[in-house]
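Engineer: My numbering puts the first residue of the sequence shown at 326, with every later residue one more than the last.
No residue lacks a Cβ here, since even glycine has one placed at the ideal position from N, Cα and C.
The structure displayed is predicted, hence computed values, not measured ones.
Sharing a structure here in structure tokens format.
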Amino acid sequence: MSLRKVHNNLHEEYAVTLQKGLQQSYSYPQSYSAIKRLMDIVMALTGLILTIPILLFFCIAIKIETPGPVFYLQKRVGRNGKYFKVIKLRSMGIDAEKKGAQWADKNDPRVTKIGAFIRKTRIDEIPQLFNVLQGDMSMIGPRPERPMFTAQFNEEIPGFVKRLVVKPGLTGWAQVNGGYDITPEEKLKLDLYYIENRSFLVDLKIIFKTVRIVVTGEGAR
């Protein structure tokens with residue numbers, strides 16, 4: 326399948342084929358999925374209530390530092406190839422992608438001063454709790470990629486789209502064990518490990534590791 330075809334059909338017949346093929350390989354107790362969804366809602370609501378003052382403060386700070394909206398919406402690929410718009414606090418200038426889509430570098434000059442701080446502390450990710458409430462994301466799962474990068478990586482690494490069998494997450498096994506600087510191939514291996522070994526115990530380990538990363542700023546860029 327060509328790169329263009331993967332990109333154009335990722336959320337249509339390609340996603341249907343993907344869903345049918347992967348459901349046979351990965352199955353989980355219905356109770357796990359139901360309880361995890363309930364936990365997602367509870368944690369997302371709790372997180373939003375606790376972080377409202379932080380969000381308001383940084384919304385004002387972002388607005389003061391640079392012109393433009395405080396929130397940043399970007400199309401990502403979710404479970405079974407469904408597109409959705411991820412919500413983040415804006416950490417770059419409004420013209421950050423005037424030359425086209427690109428990955429963020431470790432010391433990316435497009436990142437603002439406030440942006441550097443909220444990226445290091447993961448505060449820019451807080452609005453994604455709304456994505457969790459909407460059901461597009463889970464608290465824990467593979468990080469959602471942009472459509473063009475998903476298609477590109479699947480062309481270079483056959484099977485990369487296997488990550489789409491579960492909902493993407495605000496945090497996940499690859500995020501806490503590899504950070505931002507791992508290759509797409511390394512990310513796939515870590516994400517597939519999580520998909521194949523999902524359990525409440527694994528989810529708990531990820532939550533504890535996430536808290537440590539948020540406190541230390543480890544792996545941010």
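I'd like to check one pair, Gly406 with Leu458: are the Cβ atoms closer than 8 Å?
Structural biologist: For Leu458 and Gly406, no; Cβs fall outside 8 Å.
Engineer: Applying the criterion that 16 or more other CB atoms from any shown protein chain within 10 Å of the CB defines a buried residue, is Glu521 buried or exposed?
Structural biologist: Exposed is the call here.
Engineer: Apart from the five residues just before and just after Tyr518, which ones in its own chain have a Cβ nearer than 8 Å to its Cβ?
Structural biologist: For Tyr518, where only same-chain residues beyond five positions count, the Cβ hits under 8 Å are Trp498.
Engineer: Does the segment 437-448 touch the segment 463-482, meaning 3 or more C-beta pairs lie closer than 8 Å?
Structural biologist: No, because fewer than three Cβ pairs between the segment 463-482 and the segment 437-448 fall closer than 8 Å, the two stretches do not touch.
Engineer: Nearest to Thr437 by CA position, among Ile451, Ser463, Gly418, is which residue?
Structural biologist: Nearest C-alpha to Thr437: Gly418.
Engineer: Quick one: Cα of Val411 to Cα of Asn456, how far?
Structural biologist: If you take the alpha carbons of Val411 and Asn456, they lie about 7 Å apart.
Engineer: In the DSSP output, what is Gly494 paired with across the bridge?
Structural biologist: For Gly494, which the question treats as bridged, DSSP gives the partners Ser463.
Engineer: Since Phe409 sits in a beta bridge, which residues does DSSP pair it with?
Structural biologist: Phe409 pairs with Arg401.
Engineer: Could you tell me the alpha carbon to alpha carbon distance between Gly346 and Gln355, rounded to whole angstroms?
Structural biologist: Interpretation of Gly346 is limited by its pLDDT of 47, a score under 50 that renders its predicted location unreliable; the figure taken from the coordinates is listed afterwards. Cα-Cα distance, rounded: 19 Å.
Engineer: Gly466 and Gly494: beta carbons closer than 8 Å?
Structural biologist: Cβ distance < 8 Å, so Gly466 and Gly494 count as in contact.
Engineer: Measure from the alpha carbon of Ile365 to the alpha carbon of each residue in Gln453, Val536, Phe383, then state which is nearest.
Structural biologist: Checking the sequence, you will find Asp at residue 365 rather than Ile. Here the closest residue by C-alpha is Gln453.
Engineer: Measuring CA to CA, which of Glu450, Phe525, Phe485 is closest to Ser358?
Structural biologist: The shortest Cα separation from Ser358 among Glu450, Phe525, Phe485 belongs to Phe525.
Engineer: Who pairs with Val436 in a beta bridge, going by DSSP?
Structural biologist: Paired residue(s): Met417.
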